[in-house]
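Position in the sequence shown (from 1) plus 1 gives the number in the working numbering. A quick write-up on the structure given underneath.
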Amino acid sequence: MSAPDAESDGALFVYGSLLDRAHRMALLGREVAAYPARLEGYERRRGRYFYIIERAGVETPGLVLSGLGERDFSVLDRYEEVPRLYTRVKVEVADGGGGKLRCWVYLPTPMALRPKD
């Protein structure tokens with residue numbers, strides 16, 4: 002499946018625990034459309050939580066969740082502990098069909114980068 006349009010406020014790139022369909026359904030209370038994508042120039046890592054950092058020459062595979070509404074983002078922002086652990090920003094991802102899509106992603110704050118206790 003390819004991206005529905007070049008920019009979508011209702012789309013979110015996920016790369017960690019939200020890759021799991023059952024976990025997403027438990028959080029959101031419904032099924033959401035998801036398709037493969039990759040975020041170029043970022044590397045996925047894991048400390049206490051999954052996170053990504055900018056790094057040239059690499060990419061992070063993940064999924065774009067589409068059709069998300071205000072309620073969904075409110076639930077996800079609480080889950081990601083915005084603004085304590087993550088911030089939500091716009092990035093451009095490459096979809097599986099060679100297209101590009103601007104969508105949201107959660108980036109770590111210094112608190113999220115602390116080592117495991």
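Cβ atoms here follow ideal geometry from the backbone N, Cα and C, with glycine treated the same way. Being a predicted model, the structure only gives us computed values, none of them experimental.
Buried or exposed (CB count within 10 angstroms, at least 16 for buried), residue i
i: Glu81; result: buried
i: Val15; result: buried
i: Pro111; result: exposed
i: Val94; result: buried
i: Val90; result: exposed
i: Arg25; result: buried
i: Ala23; result: exposed
i: Gly98; result: exposed
Residue j beta carbon less than 9 Å from that of residue i
i: Gly11; j: Ser67; result: yes
i: Glu60; j: Arg39; result: yes
Close-in-space but distant-in-sequence residues of the same chain around residue i (CB under 7 Å, 5 per side omitted)
i: Leu29; result: Asp73 and Val76
Cutoff 8 Å; reference residue i; Cβ partners in own chain excluding five residues on either side
i: Ile53; result: Tyr16, Leu40, Tyr43, Glu44, Arg45, Arg46, Thr61, Val106, Leu108 and Pro109
i: Arg56; result: Gly42, Tyr43 and Glu44
i: Arg116; result: For clarity, residue 116 is Pro in the given sequence; the question names Arg instead. Correct list, in chain order: Gly48 and Arg49.
Whole-Å CB distance - residue i paired with residue j, under 8 Å assumed
i: Ala13; j: Val65; result: The amino acid at residue 13 is misidentified as Ala; the sequence shows Leu. Right, the Cβ-Cβ distance comes to about 7 Å (below 8 Å), so this counts as a contact.
Cut-off 6 Å between Cβ atoms - residues of its own chain near residue i, not counting five sequence neighbours on either side
i: Leu19; result: Arg25
Taking one C-beta from the segment 16–35 and one from the segment 49–69 each time, how about it: are there three or more such pairs within less than 8 Å?
yes
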